[in-house]
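Worksheet for the structure shown next.
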Amino acid sequence: MLKDRRILVTGVTGKAVVPIAAALARDNEVWGQARFTDARDRAAIAALGIRPCAADLGSGDVGDLPADVDYVLHFAWMRAAREALEQAMRVNVEGAGLVLHHCRSAKAALVVSSTAAYLADPDPWHRYREGDPVGPGLTAAAATSPVCKIGLEAMARFSARAHGLPVTIARLNTVLGPHQAFFGKQVTAVLEGREIVLPSDTDTHSPIHSEDMIRQIGPLLDAAGRAPLTVNWCGDDVAISQDTIARIGERAGKAACFTVRSAPGLAGGNISDPEKRRSITGPCLTSFGDGFERLLDEMLDGAPSPLPQRDWAYGSGAQNQIFKGVA
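Encoded structure:
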């Protein structure tokens, strides 16, 4: 775990990002970037010991971000539909370049991409390895994600060479832990009696718990290079949505309903090969089974999320229907 460092975390209000920034803020000076258009978000982040700093990456105004930081954790991301591709590129690709240029004197940067960067494979048990081809079509979560993630990675690689900034590009898989993340949204859907739409007959994932993400930040930054390291950021276990939804129904005593609606270009599954990451960070310490049962304990008991969570609107009608019950 990092200590006594000055760290900039972009996209700090994101559901997967809040636990990381809050944990780092216990022993470091952490600055959290977001647009902070809602004063309640700013207050919630400040209450965690994080220093809020407002910046709109789409406008290109990053002047209020601290430049003299030890590390940059770039999580900032805009979900968008196809119609908003130009804006998504401006925020997600150009915005990343502006942040890395602004903080080019940092010791290292962790740039968070995702498995959406990989060219989709129809086999649900295919394990995406870092050397696999990139291309569109892996995700149903937001239509612009694949092309923007590839653009983000290209910008990160350019920034490393142009500025001599050591970079790690981490292709994040599904996050476990936050109530508003993927599996928490499954719990909410079952409790509300909504049908969950899945993209394949065997909807596989390689979830990583927030606790392991926090533990792995330091090693991933230490491994950064001016020739950027690209690594899958995933857990060591495989989870299948059909099984997790059934387990939620069993624990909740409710009927768990799902249907499969695939589409051309979608991947059969979302499994990342963890071996390269394991060689850097060691094994994950929170198994999927333990983390998932703990999430169920929290949510089925009606406990509030231990950290503030933004209720995201997704970038496609399909995902809003899946997780929010609205088109």
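Under our numbering, read the sequence shown as residues 7 to 333, first letter to last. Beta carbons are placed, not taken as given, at the ideal position from N, Cα and C, and that holds for glycine. Note that this is a predicted model, so its numbers are computed, not measured.
Item, Value
"I'd like the list of long-range same chain contacts for S247, defined as Cβ closer than 6 Å, with 5 residues on each side in sequence excluded.", "L204, D209"
"Helix, strand or coil, according to DSSP, for F81 in the structure here?", "coil"
"Return helix, strand or coil for F42, following the three-state DSSP convention.", "coil"
"Considering V18, what are the terminal residues of the alpha helix (DSSP H) in which it resides?", "No alpha helix (DSSP H) holds V18; DSSP gives it neither H nor E."
"Going along the chain, which unbroken runs of the beta strand (DSSP E) with 3 or more residues stay wholly within the stretch 80–156?", "114–120"
"Pick from A102, K260, T43: whose alpha carbon is nearest that of L14?", "A102"
"Are S109 and V153 touching if we call contact CB-CB under 7 Å?", "Note that residue 109 corresponds to Cys in the displayed sequence, not to Ser. Not in contact: C109 and V153 (Cβ atoms no closer than 7 Å)."
"If I follow the unbroken alpha helix (DSSP H) through L291, where does it start and stop?", "Element bounds for L291: n/a, residue is neither H nor E."
"Measuring straight from C-alpha to C-alpha, what distance separates A31 and V173?", "22 Å"
"In angstroms, rounded to a whole number, what distance separates the CA positions of A98 and N179?", "Sequence check: residue 98 is Asn here, not Ala. If I take the Cα positions, the gap works out to 18 Å."
"How do the stretch 218–233 and the stretch 255–272 stand: do at least 3 beta-carbon pairs fall below 8 Å, yes or no?", "no"
"On the DSSP letters alone, give me the boundaries of the beta strand (DSSP E) that I56 sits inside.", "Counting along the chain, I56 falls outside any beta strand (DSSP E), and DSSP gives it neither H nor E."
"Is the distance from the Cβ of V181 to the Cβ of A73 below 7 Å?", "no"
"Under DSSP, the beta strand (DSSP E) around R177 begins and ends at which residues?", "173–178"
"Taking contact to mean at least 3 C-beta pairs separated by less than 8 Å, is the stretch 270–280 in contact with the stretch 117–134?", "yes"
"Does the beta carbon of E198 come closer than 7 Å to any beta carbon on chain D?", "In the displayed structure, chain D is absent; only one protein chain is listed."
"Alpha carbon to alpha carbon, how far is T287 from D242?", "12 Å"
"Hey, is the stretch 105–124 in contact with the stretch 155–172, meaning 3+ C-beta pairs nearer than 8 Å?", "yes"
"Looking only at C-alpha atoms, which of A160, L226, T19 sits nearest to T43?", "T19"
"Which residue's Cα is closest to the Cα of A269: D207, G183, F298, V68?", "D207"
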